[in-house]
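Student:
Protein chains in written order, with our numbering: chain E, 140 to 401; chain V, 223 to 480.
See the structure below:
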């Protein structure tokens with residue numbers, strides 16, 4: 140009976156080792172840039188979602204400068220366009236598949252509207268395929284990270300804000316010194332999870348020709364007709380990337396939990 | 223009565239929810255004078271906490287006025303004598319009003335010392351050295367100077383509340399607001415917190431205290447307010463209110479709690 144995994148197959152795919160190496164570099168680069176874009180985007184989006192920007196607030200005030208109690212104008216005065224835009228963005232990005240988003244960004248935005256220069260960097264990364272992949276993944280993870288940040292901030296007891304504000308701190312000082320330090324600690328596990336998801340999800344960019352780990356698997360399969368063993372190599376590489384990432388964040392989590400123990 | 227020095231004037235204060243369907247505060251008018259120790263009592267849901275929280279705008283009143291430093295702080299903006307619109311800066315008014323909460327609300331990620339010096343250093347721009355000295359002094363007053371480097375979770379409830387009081391005092395407020403400061407404490411710790419408050423009152427601090435401690439109201443308060451259903455039903459000196467309650471709701475309340 141044929142065994143499921145054959146040792147000699149590993150020797151057969153060994154000459155393609157550099158493909159896996161290049162694929163791993165691409166995956167790591169994809170993940171780093173995606174996290175960077177996603178993080179910045181999430182900061183902007185979550186502050187938009189939680190902003191208190193009411194450009195029409197004056198419609199809800201009576202002639203003494205007091206807030207009116209009811210009427211259609213009160214609802215209009217509470218309209219926050221920043222929050223509306225950010226919420227719409229998050230809901231759309233969360234409710235559509237990443238594979239579709241990647242395709243739309245690659246074939247739609249960078250295929251017809253914007254033309255990217257065609258060159259390779261680090262020797263083997265094709266910019267015109269890599270860049271749309273990073274943009275699409277970054278936009279997607281920005282939506283998720285935004286929700287993580289928002290939930291983290293809103294998980295802090297209102298009493299903390301009340302205490303800070305009653306000491307005369309501004310909304311910004313309250314965020315900077317009281318809310319964010321506590322919120323970041325609370326959301327670290329969720330952030331770790333999202334980072335790991337990004338590393339794994341970056342595999343989807345092989346559909347637009349980014350030569351990451353999955354693309355190496357397919358190249359080897361095409362050349363040697365061996366399937367299982369390349370997949371196992373890919374599995375091992377992904378694990379070696381993801382596991383240390385979550386361990387590293389767990390370390391920061393422990394370091395930040397002073398004040399939790401008696 | 224002209225000799226009394228008005229600090230906060232509350233005029234017909236209202237807090238309505240659902241467009242007036244629920245009236246948490248229904249026309250409260252009262253003056254808080256310098257040196258007053260005003261104790262607010264009443265059944266739960268009477269609006270006494272809402273009243274207290276309205277004073278520093280943690281709750282936004284829907285009507286009436288709170289005059290503090292000649293400014294109606296319930297308005298978002300007002301016209302000065304030249305007819306210019308000026309925005310009301312709530313942060314500045316809050317600096318002059320210390321607040322103590324039922325659940326202490328110490329900042330758990332900071333040591334006691336950091337808790338105390340944060341606002342003076344960041345808001346009042348007090349040099350950190352001076353703030354530390356002042357914090358040590360205040361900690362000595364409440365007998366907790368050896369806990370300066372502890373985290374809040376390492377303290378008992380009574381200790382936390384004493385820290386919360388001196389943290390508010392660090393800003394040198396003109397008035398201290400206490401929102402049921404002993405309600406979340408184990409019975410044996412109530413005394414130590416009340417002692418700090420008594421000491422504060424004897425030093426002439428203006429205080430507004432929402433509490434269920436009738437003993438404290440009698441002994442330390444110079445004015446007692448009774449609230450029910452968002453209305454101010456009776457007020458007077460502790461002797462008047464406790465010995466000769468006039469309003470039937472107050473008589474009923476005392477029959478339950480005394």
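Glycine included, C-beta positions come from ideal geometry on N, C-alpha and C.
According to a CB-to-CB cut-off of less than 8 Å, which residues of the stretch 278-294 of chain V neighbour chain E?
Tutor: Taking 8 Å as the Cβ-Cβ cut-off against chain E, the residues of the stretch 278-294 of chain V that qualify are 278, 280, 282, 284, 285.
Student: Quick one: what does DSSP say residue 239 of chain V is sitting in, helix, strand or coil?
Tutor: Strand.
Student: Under 9 Å, CB to CB, which of the residues in the stretch 296-321 of chain V have a partner in chain E?
Tutor: Going along the stretch 296-321 of chain V in chain order, one finds 296, 297, 298, 299, 300, 301, 307, 310, 312, 313, 314, 315, 316, 317, 318, 319, 320, 321 with a Cβ nearer than 9 Å to chain E.
Student: Under 8 Å Cβ-Cβ, which residues of chain B neighbour residue 393 of chain E?
Tutor: In the displayed structure, chain B is absent; the protein chains listed are E and V.
Student: Around the C-beta of residue 254 of chain E, are 16 or more other C-beta atoms found within 10 angstroms, so that it is buried, or is it exposed?
Tutor: Classification of residue 254 of chain E: exposed, given that the 10 Å Cβ count is below 16.
Student: Given a threshold of 16 other Cβ atoms within 10 Å of its Cβ, counted over all protein chains shown, does residue 162 of chain E qualify as buried or as exposed?
Tutor: Residue 162 of chain E comes out buried.
Student: What residues in its chain sit with their C-beta under 7 Å from that of residue 427 of chain V, if we drop five residues either side in the sequence?
Tutor: For residue 427 of chain V, where only same-chain residues beyond five positions count, the Cβ hits under 7 Å are 398.
Student: Which residues, in order along the stretch 307-337 of chain E, keep a beta-carbon less than 8 Å from a beta-carbon of chain V?
Tutor: Listed by position along the chain: 307, 308, 309, 312, 316, 317, 320, 321, 324.
Student: Under the assumption that residue 97 of chain E contacts residue 170 of chain E (Cβ atoms under 8 Å), give the Cβ distance between them as a whole number of angstroms.
Tutor: Since the first residue shown for chain E is 140 and the last is 401, residue 97 of chain E is missing from the structure and cannot be characterised.
Student: Between residue 466 of chain V and chain E, is the shortest Cβ-Cβ distance under 8 Å, so that the two count as touching?
Tutor: Judged by the 8 Å Cβ criterion, residue 466 of chain V is not in contact with chain E.
Student: To the nearest angstrom, how far is it from the Cα of residue 243 of chain E to the Cα of residue 245 of chain V?
Tutor: Looking at the two C-alpha atoms, the distance is approximately 53 Å.
Student: Name, going along the chain, the residues of the stretch 275-308 of chain E whose beta-carbon falls closer than 7 Å to a beta-carbon of chain V.
Tutor: Residues 298, 299, 301, 302, 304, 305, 306, 307, 308.
Student: Mind checking which residues open and close the alpha helix (DSSP H) that includes residue 297 of chain V?
Tutor: Looking at the DSSP string, residue 297 of chain V is not in any alpha helix (DSSP H), and its letter there is neither H nor E.
Student: Using the Cβ count rule (16 or more neighbours within 10 Å means buried), how would you classify residue 145 of chain E?
Tutor: Per the 10 Å Cβ criterion, exposed.
Student: Straight-line CA distance for residue 455 of chain V to residue 447 of chain V?
Tutor: Taking the straight line joining both Cα atoms gives about 8 Å.
Student: Tell me residue 355 of chain V's beta-bridge partners as DSSP assigns them.
Tutor: Note: residue 355 of chain V sits in no beta bridge, so no partner.
Student: Report back the beta-carbon spacing between residue 373 of chain E and residue 352 of chain E to the nearest angstrom; my notes put them in contact at under 8 Å.
Tutor: Rounded, the Cβ-Cβ distance is 5 Å, consistent with contact.
Student: Among residues of its own chain, excluding the 5 on either side of residue 300 of chain V, which ones have a beta-carbon nearer than 8 Å to its beta-carbon?
Tutor: Closer than 8 Å at Cβ, skipping near neighbours: 293, 294, 307, 308, 310.
Student: Taking the straight line between their C-alpha atoms, what separation do you get for residue 360 of chain V and residue 388 of chain V?
Tutor: Rounded to whole angstroms, residue 360 of chain V to residue 388 of chain V spans 6 Å at the Cα level.
Student: Would you kindly report the start and end of the unbroken beta strand (DSSP E) that includes residue 456 of chain V?
Tutor: Taken as a continuous stretch (DSSP letters only), the beta strand (DSSP E) holding residue 456 of chain V covers 453-458.
Student: Does DSSP put residue 259 of chain E in a helix, a strand or coil?
Tutor: It is a strand residue.
Student: Give the single residue among V:378, V:434, V:439 whose Cα lies nearest to the Cα of residue 408 of chain V.
Tutor: For residue 408 of chain V, the nearest C-alpha among the options comes from V:378.
Student: Just confirm the distance between the C-beta atoms of residue 323 of chain E and residue 291 of chain E, as a whole number of angstroms; I'd bet it's less than 8 Å.
Tutor: Confirmed, about 7 Å.
Student: In whole angstroms, what separates the C-alpha of residue 89 of chain E from that of residue 333 of chain E?
Tutor: Nothing in the structure corresponds to residue 89 of chain E, since chain E is present only between 140 and 401.
Student: With a threshold of 16 other CB atoms inside 10 Å of the CB of residue 224 of chain V, please say whether the residue is buried or exposed.
Tutor: With a pLDDT of only 43 at residue 224 of chain V, under 50, the local geometry of the prediction cannot be trusted, and the value read off the model is given with reservation. So residue 224 of chain V counts as exposed.
Student: Name the residue from E:371, E:300, E:271 whose alpha carbon lies nearest to the alpha carbon of residue 347 of chain E.
Tutor: Selected option, being the one with the closest Cα: E:271.
Student: Out of E:237, E:225, E:149, which one is the CA nearest neighbour of residue 339 of chain E?
Tutor: Nearest of E:237, E:225, E:149 to residue 339 of chain E, Cα basis: E:237.
Student: Reducing DSSP to helix, strand and coil, say where residue 475 of chain V ends up.
Tutor: If DSSP states are grouped into helix, strand and coil, residue 475 of chain V belongs with the helices.
Student: Is residue 400 of chain V helix, strand or coil when you go by DSSP?
Tutor: In this structure, residue 400 of chain V counts as strand in the three-state DSSP scheme.
Student: Alpha carbons only, please: which of V:436, V:229, V:382 is nearest the one belonging to residue 333 of chain V?
Tutor: For the residues V:436, V:229, V:382, the minimum Cα distance to residue 333 of chain V belongs to V:382.
Student: When the cut-off is 8 Å and only beta carbons count, does residue 212 of chain E lie next to chain V?
Tutor: So, not an interface residue.
Student: Check each candidate in V:476, V:337, V:470 and name the one with the smallest Cα separation from residue 460 of chain V.
Tutor: Answer by Cα proximity: V:476.
Student: Three-state secondary structure (DSSP) at residue 368 of chain V?
Tutor: In this structure, residue 368 of chain V counts as helix in the three-state DSSP scheme.
Student: Which one of E:293, E:366, E:266 has the shortest CA to CA distance from residue 320 of chain E?
Tutor: It is E:293.
Student: For residue 286 of chain E, which of E:365, E:178, E:160 has the nearest alpha-carbon?
Tutor: The shortest Cα separation from residue 286 of chain E among E:365, E:178, E:160 belongs to E:178.
Student: Do residue 188 of chain E and residue 225 of chain E have their C-beta atoms within less than 8 Å of each other?
Tutor: Cβ distance < 8 Å, so residue 188 of chain E and residue 225 of chain E count as in contact.
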